[in-house]
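Below is one structure, written out as structure tokens, with a few remarks after it.
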Amino acid sequence: MIGNRRRFLYQPPLPLTNANNEWEEIARTGNSEKISTSIYNATQTINGKKTYIVRDLLKKIYYNKCVYCESIEFKPEIEHYRPKKSVTGVKSHPGYYWLCYEWTNLIPSCRYCNTEGGKGNKFPVIGHRVHLPIFDSGSLEKTSCRADSQYLLGEQPYLLHPDIDRPENCFSFDNKGKIKGVDPIKRGSNTISICNLNRDNLKYRRQSIVDRIVVRINDAFTVYFMIDQSEPHLNAALHQVFQEMKDNCNPEKPFSLLSIFAFNNFGLVITPLLATTIQKTFTNNAFDEFLITYQL
Numbered sequence: 001m002i003g004n005r006r007r008f009l010y011q012p013p014l015p016l017t018n019a020n021n022e023w024e025e026i027a028r029t030g031n032s033e034k035i036s037t038s039i040y041n042a043t044q045t046i047n048g049k050k051t052y053i054v055r056d057l058l059k060k061i062y063y064n065k066c067v068y069c070e071s072i073e074f075k076p077e078i079e080h081y082r083p084k085k086s087v088t089g090v091k092s093h094p095g096y097y098w099l100c101y102e103w104t105n106l107i108p109s110c111r112y113c114n115t116e117g118g119k120g121n122k123f124p125v126i127g128h129r130v131h132l133p134i135f136d137s138g139s140l141e142k143t144s145c146r147a148d149s150q151y152l153l154g155e156q157p158y159l160l161h162p163d164i165d166r167p168e169n170c171f172s173f174d175n176k177g178k179i180k181g182v183d184p185i186k187r188g189s190n191t192i193s194i195c196n197l198n199r200d201n202l203k204y205r206r207q208s209i210v211d212r213i214v215v216r217i218n219d220a221f222t223v224y225f226m227i228d229q230s231e232p233h234l235n236a237a238l239h240q241v242f243q244e245m246k247d248n249c250n251p252e253k254p255f256s257l258l259s260i261f262a263f264n265n266f267g268l269v270i271t272p273l274l275a276t277t278i279q280k281t282f283t284n285n286a287f288d289e290f291l292i293t294y295q296l
């Protein structure tokens, strides 16, 4: 997960705003059975092609990635950050039914992260849990429904929200692709547990990114020792590897938070995987030079 403020550049999609009467009724009656997936899965046809209005905008905002695990997902499911019908482990809670069509409560998710094996309906909180919506003159108070409202922030959710939190401050990675929580109130570690972010396929794919960098560094040294013993050429080859690492930090890349952490903690993630002291020393010096050259 990475922080992303792009949602606030867009107005809520029309299928959500056009469902105001239905939304008000659900909030007023508490009848979650009235929630219709056809609202947030609404489609339109443009030039003969069916598009999903809400889903496609979420895809655009979040770079075709699952918000939670950062896998590329071209057909994401629309997940409710605060679950709409029930909360796992809290039998007395009816679910956040009044947030069913709230724009900031809708998250693009891969299939796994949207099931009970992943996030599902889990939503543990540190503070006092909210059970009911706020009304003003008989109408649902919409600003209190936003994920960044003081009313909802008061719950202090363990699950991080990319629009309002700074996930970058809550996670670290080892060079085997394992993600760890590092913040003192354990929102990072709880988010990992809630979404099962250390499932084997994710660790494998994250480790593959690290392994590719190490292989490219090793290849540069192989050329140096066996073919072309030119330090400037070796340095240039390493700079190309570092540029790839930097490019991998772009938010549209899969697992970009891992790449950001590896780039910012090169000596912790990459250097220990290099075979010899000579390789480690030369590579570290070349990386420092790269940072200075590009003023990073």
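Just so we're aligned, residue 1 is where the sequence shown starts under my numbering, counting upward by one.
Ideal placement from N, C-alpha and C gives every residue a C-beta, glycine not left out.
Bear in mind the structure is a predicted one, so any value in this text is a computation, not a measurement.
Quick check on the DSSP output: what are the complete beta strand (DSSP E) runs of length 3 or more inside the segment 46 to 112, in order along the chain? 49 to 52, 77 to 80 and 106 to 109
Under a three-way DSSP split, which group does Gln207 fall into? By 1-based counting over the sequence shown, the position of residue 207 is 207. In this structure, Gln207 counts as helix in the three-state DSSP scheme.
Using the DSSP secondary-structure output, state which residues sit across from Ser139 in a beta bridge. On the sequence shown, position 139 is the one that residue 139 refers to. Answer is Asp136, bridged to Ser139.
Check the C-beta distance from Asn173 over to Leu234 and give it rounded, since I have them as a contact under 8 Å. As a working mapping, residue 173 is identified with position 173 in the sequence shown. As a working mapping, residue 234 is identified with position 234 in the sequence shown. The amino acid occupying residue 173 in the given sequence is Phe; Asn does not appear at that position. Phe173 to Leu234, Cβ: 27 Å. No contact.
Beta-bridge partners of Ile179, as assigned by DSSP: Residue numbering aside, residue 179 sits at position 179 when the sequence shown is read from its first letter. Per DSSP, Phe173.
Please name the residue in Val214, Asn31, Arg206 and Ile192 whose C-alpha comes closest to that of Gly117. As a first step, residue 117 is located in the sequence shown; it is residue number 117 there, counting from the start. Comparing Cα-Cα distances from Gly117 to each of Val214, Asn31, Arg206 and Ile192, the minimum goes to Ile192.
Looking only at DSSP bridge pairs, what is Thr43 linked to? For the purposes of this step, residue 43 is identified with residue 43 of the sequence shown, where counting begins at 1. Per DSSP, Tyr52.
Which ranges does the alpha helix (DSSP H) cover as unbroken runs of at least 4 residues, wholly within the segment 193 to 262, from first to last along the chain? 200 to 226 and 231 to 247
Simplified DSSP state of Pro15, which is helix, strand or coil: Position 15 of the sequence shown holds residue 15. In this structure, Pro15 counts as helix in the three-state DSSP scheme.
Within 10 Å of its beta-carbon, does Tyr10 have 16 or more other beta-carbons around it, so buried, or fewer, so exposed? Here residue 10 refers to the residue found at position 10 of the sequence shown. Its Cβ having fewer than 16 others within 10 Å, Tyr10 is exposed.
Kindly indicate which residue of Asn265, Pro94, Ala262 and Arg187 has the alpha-carbon position closest to the one of Pro124. Reading the sequence shown from its first residue, position 124 is the one you call residue 124. Cα-wise, what sits closest to Pro124 is Arg187.
Apart from the five residues just before and just after Asn21, which ones in its own chain have a Cβ nearer than 8 Å to its Cβ? By 1-based counting over the sequence shown, the position of residue 21 is 21. No residues qualify anywhere along the chain.
Could you round the C-beta distance between Val182 and Glu155 to whole angstroms and report it? I think they count as a contact, below 8 Å. Here residue 182 refers to the residue found at position 182 when the sequence shown is read from its first residue. Here residue 155 refers to the residue found at position 155 when the sequence shown is read from its first residue. Rounded, the Cβ-Cβ distance is 22 Å, inconsistent with contact.
If you check the beta carbons only, do Pro254 and Glu25 fall under 8 Å apart? On the sequence shown, position 254 is the one that residue 254 refers to. On the sequence shown, position 25 is the one that residue 25 refers to. No, the pair does not count as a contact, with Cβ atoms beyond the cut-off.
Put Pro167 into one of helix, strand or coil per three-state DSSP. Your numbering for residue 167 matches position 167 in the sequence shown. Helix, per DSSP.
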